[in-house]
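A.B. asks: Residue numbers for the sequence shown, in mature numbering (1 follows the signal peptide of the UniProt record, and there is no 0): -19 to -1, 1 to 987. Don't be surprised by glycine CBs; every beta carbon is placed ideally from N, CA and C. Since the structure is predicted, the reported quantities are computational estimates derived from the model, not experimental observations.
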Amino acid sequence: MTLKRAFLLVVFISSSFSAICQQTAVYTHDLADFNRALELYNNEQYLAAQNLFDEVKDETTDEKIKGDAAYYIANAAVRLNQPGADRLMEEFVTRYPTSTKTNSAYLDVADYYFNTGKYALSRRWYDRVDEKAMSRKDRERFYFNNGYAYFRSNQFEEAQTYLNRVRDSKEYGAQAKYYLGYIAYEGDDYEEANQYFEEVKGNERYTEDLSYFQADMNFKLGNFEKAIEQGLEQLPNANRQEIPQLNKIIGESYFNLGQYEEAIPYLKGYNGLGGKWNNTDYYQLGYAYYKQGNYEAAINEFNKIIDGNNAIAQNAYYHLAQSYLESNQKQQALNAFKNASEMEFDAKIQKDAMLNYAKLSYEIGNSYESPSQVLITYLNKYPDTENRQEIESLLIDSFITSKNYEEAMRLLENNRNFSDKQAYQKVAYFYGLELFEEGDYYGAIENFDKALKEPRDQAITAKATFWKAESEYNVNRLDDAILGYREFKGMSAARNTDEYQDLDYNIGYAYFKKNDYSQAVNYFKSYVDSPNADGARKNDALLRLGDTYYVTSQYWPAMEAYQKAIDNGVSNADYAAFQKAISYGFVQRNETKIEELNSFINRYPRSSYRDDAMYELGNTYVAVNNTSQAIQSYNRLIRDVPQSALVPKAMLRQGLIYYNQNEGNKALEKFRKVVAEYPNTPEAKQAVSTARNVYVDLGRTDEYASWVRNIDFVEVSDADLDNTTYEAAENQYINNNTQKAIANFEKYVQSFPNGIHSINANFYLAQLYYREGQVEKSIPHYKYVTSRPKNEFTEQSLTRLSEIYLEKKDYASALPLLEKLEKQADNQQNVAFAQQNLMKSYYETGDYAKANAYAEKVLNNSGADGAAKNDARIMVARAAIESGNESKARSAYKEVQKSATGELAAEALYYDAYFKYKDGNYEASNAAVQILAKDFSGYKRWGAKGLVLMARNFYALKDAYQATYILENVINNFQKYPEIVQEAKTELSRIKAQEAKTNSSVETNN
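1. Any idea what DSSP makes of residue 989, helix, strand or coil?
2. Any contact of the segment 896 to 912 with the segment 243 to 253, i.e. 3+ C-beta pairs under 8 angstroms?
3. Please report the residue range of the alpha helix (DSSP H) in which K899 lies.
4. Which runs of the beta strand (DSSP E) fall wholly inside the segment 791 to 839 and span at least 3 residues, in chain order?
5. With contact counted as at least three CB pairs below 8 angstroms, one residue from each stretch, are the segment 656 to 670 and the segment 622 to 635 in contact?
6. Measure the CB-CB distance between Q273 and Y251 and report whether it falls below 7 angstroms.
7. Cα separation between Y543 and A404?
8. Mapping DSSP to helix, strand and coil, what is N96?
9. Can you tell which of Y129, R117, E837, A297 has the C-alpha that lies nearest to the C-alpha of Y270?
10. Check for me: the alpha helix (DSSP H) holding F380 runs from which residue to which?
11. Could you check what DSSP says for N600 in three-state terms: helix, strand or coil?
12. Am I right that Y77 and G98 are in contact with their C-beta atoms under 8 angstroms? What's the rounded C-beta distance?
13. Give me whichever residues DSSP pairs with L254 in a beta bridge.
14. How big is the Cα-Cα spacing for D555 and S868?
15. State the Cα-Cα distance for the pair L360 and I372, rounded to the nearest angstrom.
16. What's the call for S385, buried or exposed, on a 16-neighbour Cβ count within 10 Å?
17. Would you report the Cα separation of A314 and L948, rounded to the nearest angstrom?
18. For S564, which residues of its own chain have a beta-carbon under 6 angstroms away from its beta-carbon, when the five flanking residues on both sides are left out?
19. In three-state terms, what does DSSP make of N641?
20. Measure the CB-CB distance between N851 and L885 and report whether it falls below 7 angstroms.
21. Would you identify the three-state DSSP class for N980, choosing helix, strand or coil?
22. Quick check on the DSSP output: the alpha helix (DSSP H) that includes A914 runs from which residue to which?
23. Using 8 angstroms for Cβ pairs, my map puts T826 next to Y786. What's the rounded Cβ distance?
24. Where do the ends of the alpha helix (DSSP H) carrying L679 lie?
25. Can you tell me whether D940 is buried or exposed? The criterion is at least 16 other CB atoms within 10 Å of its CB, across all chains shown.
26. Could you check what DSSP says for T985 in three-state terms: helix, strand or coil?
27. If you draw a straight line from the C-alpha of K973 to the C-alpha of N259, how long is it?
28. With H, G and I counted as helix, E and B as strand and the rest as coil, what does DSSP make of F73?
29. Relative to the alpha-carbon of A813, which residue among S843, L798, S822, A830 has its alpha-carbon at the smallest distance?
30. Quick one: what's got a C-beta closer than 8 angstroms to L28's C-beta in the same chain, skipping five residues either side?
31. Applying the 10 Å Cβ sphere with the 16-neighbour rule, what's the burial state of I488?
32. Suppose you measure from the CA of C2 to the CA of L12; what does that come to, to the nearest Å?
33. Short of 7 angstroms in beta carbon distance, which residues of its chain neighbour E739, apart from the five on each side in sequence? Order them along the chain.
34. Report yes or no: do the segment 747 to 759 and the segment 673 to 693 share at least 3 C-beta pairs separated by less than 8 angstroms?
35. Cα-Cα, which of D485, D828, D170 is closest to I463?
36. Measure how close the beta-carbons of T261 and I224 come, nearest whole angstrom, since I'm counting them as under 8 angstroms.
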């Protein structure tokens, strides 16, 4: 403790100049004037004296009188503070070097400047004085004044030299010892300082100051009880500057004696240096409160300690953490324990802090690193810890509860010290499930295999077997999937699982996809007859059962299954009704078929199968020779569903009816319309071929030749070669000879770029390339199909091509395809797909208004599934955030939170915390961030954003420690998110600048 005293004492020695007033007979009138001037000078009438001395100096011829006058003129100039006074004195010394007044002049001017407090100027003149020529009295004054002048300039070594010469002086000794004592005090030589102070202790003028100095010295020497005694004695009489310092001495002395209750009021009474405390000041008061059990007050002091990096800071952060724990503020405790555990000043504190940090990470989650990693780090650092069994148990559970399975697998596989195979099996299984849900089926299979290689838990072994089979089903390894399903079915541990309830359904689908319909029928039938079959899956199984019967020509059982699905309230009853109606035709019940199709068209006016029903109705009327009704059915299709791919087929059918009824002109009208409106389609090619026969029958071959010459997509002379080449490729495709099919289709599209079968050939070729993983090669062929008038492959090609561009994030190419798909798709699932991805693509390209519009479409689309609706809600929310509409974003994120999972749930939870922060509900906001850290630790970006938000909350709650510590961790641990790191840096600079106003330990960048 030091006190720079601004009120040092000095004894001002006044001196007067003597004048020799002897008169002799030789002096003339000049001497009388000189004496009058001298009298004025001695009466301090310096200006009048100076003027009279000037006259004497100008009029006299006596050099002695001239010299003396020059001396007094210069002296008067000094006292009048006239410009050039120094110069006048220099001129006197130069002109009258033998004057007896030269030494007196130096000393006189030096004393004058000293007495007026101009110590630097006084030393300048003292340096010229010849001390040997002075009297003893003048010499003592010279030593003291010179020493004090050096003292005032903080040149203590030089000051000591002069003050030591007069420490035994009767006149100056007490003052000299006081200042020598003070110099020793400032140099921390308390023994010497105390010796000097004791020698002047009886002097009243120093008593007050000495009490303070001696209290401070006793404190610094560790004599705390004596320091308290002297401090308390001095405190009532202390001045305003001394009171805070004395409070600090008394408070710290009580603190060091462990008397914390007594220390508190005095520690609080200290107001710091320049109004600022430092980290040690906050620590002492905080620890005193902590020892008293006043944890709230302790926190309020400890959390002001910022930028601490020493043993005191480690101790403070540890006890801050304990105070948080006692106050049930676990997130805050986690941060403080983490900080203390990262310091190595006290090994015992570091170990205990790390243990608490690990336990809290497991209990409440951790946004900085996974709880599993924290626990493993502790075990690695302290392998012989007495807490090993407890930590290992927590580690096993943390792998599961954190849901950060990828990191858990990495830690388990790379850490030799941990060999719990049961935990390994669990984590591998759950990681496989996570990858399955993300669509990474091969990665899922790999992890399910890992779980199966460590069959420690029978229930997990059974589930891993099932989900591995599900993954294999999704990558078209159907034989492996069926084998896995059957193996699962035979496991006793499988019986009580949710997966077992729908097992026959899954096996039925695998056989159905494999085209093994006889087996598929058995499993679908078994499932629909099971009492455990639920509504949605049971209905789907009924539809697939109907489809299986249908493709195996078992139409009556098929119709029965479709009817059961309808009766059971299946969501897509229109499909079942359509399939049932069609089936009547195959059992020679055309009249019933016609009745059912008419009923279907009336009952399901919005069905995507309505065009199929109209077309099939027309065909059935043709089959029963009711051509007029057939024409009407086709007309209805052409009128009501003009975008349908069946329109050119219906027109062609109408043309054929007219042709067969010998109505050639009507037939030609239809054929020519097909060619004009649907060029380059199979129907257009057939229309040209049939029209040729009509023209021939009508004898109008010239007209035919003229017409066909303008059709650029038909190479009439090469028709047979066209058909032959295409059929060769198609046969290989049907027989699953992929490479040969690709080669033959490539040959076809090169030989017949506008051939009769060019749409089919390009579509099948695109499908083959895509299936083989040659996505880039598939693109031009899908584009060919989508560039042609609507056909039976348009919808599928638009969907697939959109998927390819979306995967590549090529939104510019995807957008027009998605827009076209939305308008042209018959299948409502494809409409939903188009709308959902238009929404996402517009968002990614920054068109938030359109993104929001499509999000609303998805939400209003009854065919959109739950995941799509969640995507739509999040898109509404994001678009609102980007456009600054926080009110809309708030309500949208609330909706998202109700059903979202995974990263969407993490995002929604972050904004829940964000809006609570905006409302000033800081503690609730922090609670939301804690849930984000615990339940969604795998989503690091949202975790980092949540931490920055948490820091803002803590600072608003006046917890500067938490705020700065969190921000520093974000800066150090989340470099892969530069925009979040920059936000954290900006916030940290702002907080530190604010805290530096009251805490001298805080370092800022300013």
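C.D. replies: Considering the structure as presented:
1. The structure shown does not extend to residue 989, since the chain spans only -19 to 987, so no value can be given for it.
2. Between the segment 896 to 912 and the segment 243 to 253, the count of Cβ pairs shorter than 8 angstroms is below three; the stretches do not touch.
3. Boundaries of the alpha helix (DSSP H) around K899: 883 to 899.
4. Listed in chain order, nothing qualifies, since the segment 791 to 839 has no complete beta strand (DSSP E) run of 3 or more residues.
5. Judged by Cβ distances under 8 angstroms, the segment 656 to 670 makes contact with the segment 622 to 635, as three or more pairs qualify.
6. Result no, Cβ atoms of Q273 and Y251 do not sit closer than 7 angstroms.
7. Here the C-alpha atom of Y543 lies approximately 47 angstroms from the C-alpha atom of A404.
8. In the three-state reduction of the DSSP assignment, N96 falls in the helix class, which pools H, G and I.
9. For the residues Y129, R117, E837, A297, the minimum Cα distance to Y270 belongs to A297.
10. That run of the alpha helix (DSSP H) goes 369 to 382.
11. Under the three-state reduction of DSSP output, N600 falls in the helix class.
12. Under the criterion of beta carbons closer than 8 angstroms, Y77 and G98 do not qualify as touching, at roughly 30 angstroms.
13. K257, per the DSSP bridge assignment.
14. The straight-line gap from Cα to Cα measures roughly 41 angstroms.
15. Linking L360 to I372 through their CA atoms gives a straight-line distance of about 8 angstroms.
16. Rather than Ser, the amino acid found at residue 385 in this sequence is Asn. By the 10 Å Cβ count, N385 comes out buried.
17. Spanning the alpha carbons of A314 and L948 requires a straight line of approximately 16 angstroms.
18. These residues qualify, in order along the chain: Y536, A539, M540.
19. It is helical.
20. Yes, Cβ-Cβ distance for N851 and L885 is below 7 angstroms.
21. In the structure shown, the three-state DSSP call for N980 is strand.
22. Looking at the DSSP string, the run of the alpha helix (DSSP H) that includes A914 is 903 to 916.
23. Between T826 and Y786 a beta carbon distance of about 13 angstroms is seen, past the 8 angstroms cut, so the two are scored as non-contacting.
24. Run containing L679: 663 to 679, per the alpha helix (DSSP H) assignment.
25. Answer is buried; the Cβ neighbour count reaches 16.
26. DSSP places T985 in the coil class of the three-state scheme, outside both helix and strand.
27. One C-alpha to the other measures close to 14 angstroms.
28. For F73, the secondary structure class from DSSP, reduced to helix, strand or coil, is helix.
29. Here the closest residue by C-alpha is S843.
30. Within the same chain, A57, L61 come within 8 angstroms of L28 by CB-CB distance, once the 5 residues on both sides are set aside.
31. Here I488 is buried: its Cβ has 16 or more other Cβ atoms, across all protein chains shown, within 10 Å.
32. At C2, the pLDDT of 35 sits below 50, so the modelled position is not reliable; the number obtained from the coordinates is stated separately. Looking at the two C-alpha atoms, the distance is approximately 9 angstroms.
33. The question names Glu, yet the displayed sequence has Ser at residue 739. Annotation for S739: N661, V730, F733 place their beta carbon closer than 7 angstroms to its own, counting only its chain and skipping 5 residues before and after.
34. No, because fewer than three Cβ pairs between the segment 747 to 759 and the segment 673 to 693 fall closer than 8 angstroms, the two stretches do not touch.
35. Per the Cα distances, D485.
36. Taking the Cβ atoms as the reference, T261 lies roughly 20 angstroms from I224, outside the contact range of under 8 angstroms.
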